[in-house]
Ligand SMILES: Nc1ncnc2c1ncn2[C@@H]1O[C@H](COP(=O)(O)OP(=O)(O)OP(=O)(O)O)[C@@H](O)[C@H]1O
Ligand SMILES: [Mg+2]
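Protein chains in written order, with this note's numbering: chain A, 339 to 643; chain B, 99 to 354.
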């Protein structure tokens, strides 16, 4: 029972991070029908931006309040990662729009390799650590031999994710920006006929996806205390799996899928084998694609269009 | 500039002012197939102009070409004196040209209300509540369905929504591609009455494509006949109605 509760907590923490990344995959797929293979690497770059910013903030600026530091790092990572993804879309994807369907995806694979190699060369191939940010834990249960703990950083991760998702949901559902975004997703030509600047809206989608990935990157860095140039790939594939599992194109699906993948991964590690934990995610991707390609919350095509 | 109105056919109402919408020598291609073969059309401020023609004549292509989707390979399109031939589609919309396009193109996963909000975007939501009321007076059905998703509306309801959405932008030029398609005769009459009313009371300029040539020509001040991508006839609506070739091609059995 204790192990179960502990894994539940760990799984939801990890799942929050996957969910934040998965939204970027699902939004981009929704609006331009492209699997953005570079999204995981954008997430990885954001972790490095957060790392550099954290070191600057704590050493050069000498800020000691961990919450202030975290807030600054979050904002900086979001801004720079958004700019990066905006630029990537402009140079690597937009010129290929209207070309054959696979062209932007191939470009994205190239961008993924470029980002990973760039970070490897400039930051080195080893894990880059930061001093632990938040170390306190709350002991929830204790049966003498096993303690169930809730780390403060887990609380922070889940709280920030929840707040962000609420804000994001509001943006997409209730503002005219969000409405324009959804319109482009459903019928780009009609959106243009109604005065929506489709190119801007697509840029905006990349910016939002990157901002959420940057939050995930910052939280990931805080959680594990290290960043590595290769961290784009595995978390990226897991988040992509989350998006597919939830139903690619569906925003609630991305969040649900993220949480499920996080839970499956931690339970798998706890009860089966930690070495094969990544296999679990990959197997789910394959099984979903074969048996349920529309995902859990994917849209059943019952509509007249 | 010479008045191109006389270039296609003699028209009784020879106007000296510049047309609001002027299409000159427009050729549009789909790949190597020429869908429009040098089309000239003028729409003057305050007019109702209709474009009739059989299936595949190129009517919808002309409507979309005016919005740059696709762009014409030759020819020019001007709106209120401004050359819009190569202006981005969304900027054309901001000149207050609205279209209810072929196939209606309702946003399927947005509610009726949100679809109408989309229409009001170019007007900056300045008159949203008042315009919404007007649309509801015109189509009470939409009010009943306000929270229903666009994709689950019936075909006729979608048609009403597409027209309502176009009206929400307070257009200076309203373009309707087969507004009567799929609607019950009573609703068609309502829509045509509404167009006439908007034209009379607010001076709304309307350019409409219709299969229903009889109703359209009765409603319109002027009409054009498009055959195989070229204008073959134009003139006053009632005058065209009398033309034997129009009657033979478009009205046999269609008049009721
Ligand atoms: N996207 C396209 N690609 C290739 N050909 C097209 C395309 N759209 C239209 N066409 C062709 O262009 C011609 C004109 O089509 P258009 O839709 O403008 O006709 P229409 O007059 O609106 O007909 P209808 O009354 O049936 O709506 C047709 O021959 C059609 O097959
Ligand atoms: Mg048509």
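Don't be surprised by glycine CBs; every beta carbon is placed ideally from N, CA and C.
Predicted, not measured: the structure shown is a model, and the values here were computed from it.
Distance between residue j and residue i (C-alpha atoms, nearest Å)
i, j, result
"residue 269(B)", "residue 250(B)", "27 Å"
"residue 108(B)", "residue 341(B)", "The predicted model places residue 108(B) with a pLDDT of 41, which falls under 50 and marks its position as unreliable; any figure quoted below should be read in that light. Residue 108(B) and residue 341(B): Cα-Cα distance of roughly 14 Å."
"residue 509(A)", "residue 520(A)", "11 Å"
"residue 161(B)", "residue 121(B)", "11 Å"
"residue 100(B)", "residue 587(A)", "In this prediction, residue 100(B) scores a pLDDT of 39, lower than 50, which makes its location untrustworthy; no coordinate-derived value is stated."
"residue 197(B)", "residue 266(B)", "11 Å"
"residue 339(B)", "residue 290(B)", "17 Å"
"residue 345(B)", "residue 190(B)", "36 Å"
"residue 319(B)", "residue 192(B)", "26 Å"
"residue 481(A)", "residue 365(A)", "45 Å"
"residue 241(B)", "residue 310(B)", "27 Å"
"residue 512(A)", "residue 483(A)", "50 Å"
"residue 475(A)", "residue 490(A)", "5 Å"
"residue 629(A)", "residue 622(A)", "10 Å"
"residue 152(B)", "residue 282(B)", "21 Å"
"residue 636(A)", "residue 301(B)", "46 Å"
"residue 135(B)", "residue 575(A)", "51 Å"
"residue 313(B)", "residue 288(B)", "12 Å"
"residue 213(B)", "residue 368(A)", "19 Å"
Residue i versus the options, residue with shortest Cα-Cα distance
i, options, result
"residue 157(B)", "196(B), 334(B) and 326(B)", "326(B)"
"residue 117(B)", "133(B), 138(B), 125(B) and 226(B)", "138(B)"
"residue 164(B)", "155(B), 150(B), 148(B) and 183(B)", "183(B)"
"residue 410(A)", "557(A), 523(A) and 482(A)", "557(A)"
"residue 378(A)", "633(A), 442(A), 358(A) and 345(A)", "358(A)"
"residue 149(B)", "329(B), 229(B), 343(B) and 222(B)", "329(B)"
"residue 114(B)", "127(B), 216(B), 141(B) and 257(B)", "141(B)"
"residue 285(B)", "275(B), 243(B) and 257(B)", "257(B)"
"residue 68(B)", "168(B), 291(B), 147(B) and 144(B)", "The structure shown does not extend to residue 68(B), since chain B spans only 99 to 354, so no value can be given for it."
"residue 222(B)", "561(A), 418(A), 440(A) and 534(A)", "534(A)"
"residue 471(A)", "396(A), 371(A), 387(A) and 452(A)", "396(A)"
"residue 524(A)", "129(B), 248(B) and 144(B)", "248(B)"
"residue 308(B)", "232(B), 226(B) and 147(B)", "147(B)"
"residue 280(B)", "207(B), 246(B), 201(B) and 187(B)", "201(B)"
"residue 594(A)", "400(A), 634(A) and 530(A)", "634(A)"
"residue 580(A)", "569(A), 530(A) and 601(A)", "601(A)"
"residue 322(B)", "312(B), 333(B) and 313(B)", "333(B)"
"residue 239(B)", "226(B), 255(B), 336(B) and 229(B)", "255(B)"
"residue 618(A)", "632(A), 421(A), 583(A) and 590(A)", "583(A)"
Partners in chain A for residue i, counting only beta-carbon separations shorter than 8 Å
i, result
"residue 220(B)", "532 and 533"
"residue 167(B)", "527, 530 and 531"
"residue 208(B)", "517, 520, 521 and 524"
Partner residues on chain A for residue i, Cβ-Cβ distance less than 9 Å
i, result
"residue 127(B)", "Under the 9 Å cutoff, chain A gives no residues; its nearest Cβ is about 16 Å from residue 127(B)."
"residue 199(B)", "527, 528 and 531"
"residue 212(B)", "517, 520 and 521"
"residue 118(B)", "Correct list: empty, because the minimum Cβ distance to chain A is about 18 Å."
Partner residues on chain B for residue i, Cβ-Cβ distance less than 7 Å
i, result
"residue 525(A)", "203 and 205"
"residue 514(A)", "219"
"residue 414(A)", "Ordered by position in chain B, no residue passes the 7 Å Cβ test against residue 414(A), which lies about 33 Å from the chain."
"residue 366(A)", "Here the premise fails: no neighbours, minimum Cβ distance about 18 Å."
Under 9 Å from the C-beta of residue i: neighbouring residues of chain B
i, result
"residue 588(A)", "Those do not exist, as residue 588(A) stays about 10 Å from chain B at its closest Cβ, beyond 9 Å."
"residue 398(A)", "Within 9 Å Cβ-Cβ: nothing; residue 398(A) doesn't reach chain B, min ~45 Å."
"residue 510(A)", "Those within 9 Å of residue 510(A) in chain B number zero; the least Cβ separation is about 12 Å."
"residue 575(A)", "Chain B residues near residue 575(A): none, gap ~28 Å exceeds 9 Å."
Proximal chain A residues relative to residue i, where beta-carbon distance stays under 7 Å
i, result
"residue 192(B)", "533"
"residue 187(B)", "530 and 531"
Cβ neighbours of residue i in the same chain (closer than 7 Å, five flanking residues each side left out)
i, result
"residue 642(A)", "A caution first: residue 642(A) carries a pLDDT of 39, below 50, which makes its placement in the model unreliable, though a value can still be read off. Excluding sequence neighbours, residue 642(A) sits near nothing in its chain."
"residue 445(A)", "430, 431 and 434"
"residue 375(A)", "443, 446, 447 and 450"
"residue 553(A)", "358, 412, 416, 498 and 502"
"residue 457(A)", "382, 383, 386 and 567"
"residue 572(A)", "616"
"residue 348(B)", "150 and 311"
Close-in-space but distant-in-sequence residues of the same chain around residue i (CB under 6 Å, 5 per side omitted)
i, result
"residue 391(A)", "411 and 414"
"residue 607(A)", "615"
"residue 361(A)", "550 and 592"
"residue 104(B)", "Unreliable positioning characterises residue 104(B) in this predicted model, as indicated by a pLDDT of 37, which lies under 50. The coordinate reading is nonetheless provided below. Cβ within range, chain order: n/a, list empty."
"residue 477(A)", "485 and 487"
"residue 274(B)", "198 and 306"
Chain-order list of residues whose beta-carbon lies under 8 Å from that of residue i (same chain, five-residue window excluded)
i, result
"residue 564(A)", "465, 466, 467 and 468"
- Length at least 3, wholly inside the segment 235–262 of chain B: the beta strand (DSSP E) runs in chain order: none
- Query: Where in the segment 409–468 of chain A do unbroken runs of the alpha helix (DSSP H), each at least 4 residues long, occur, reported from the N-terminal end onward?
  - Reply: 440–461
- Message: If the cut-off is 7 Å on Cβ atoms, which residues from the segment 215–239 of chain B count as contacting chain D, listed in chain order?
- Response: Absent here is chain D; the protein component of the structure consists of chains A and B.
- Message: Please give the ranges of any alpha helix (DSSP H) in the segment 495–559 of chain A, keeping only runs that are unbroken, at least 4 residues long and fully inside the region.
- Response: 514–524 and 526–531
- Message: Threshold first: 4 residues or longer. Then list the alpha helix (DSSP H) segments lying entirely within the segment 164–189 of chain B, N to C.
- Response: none
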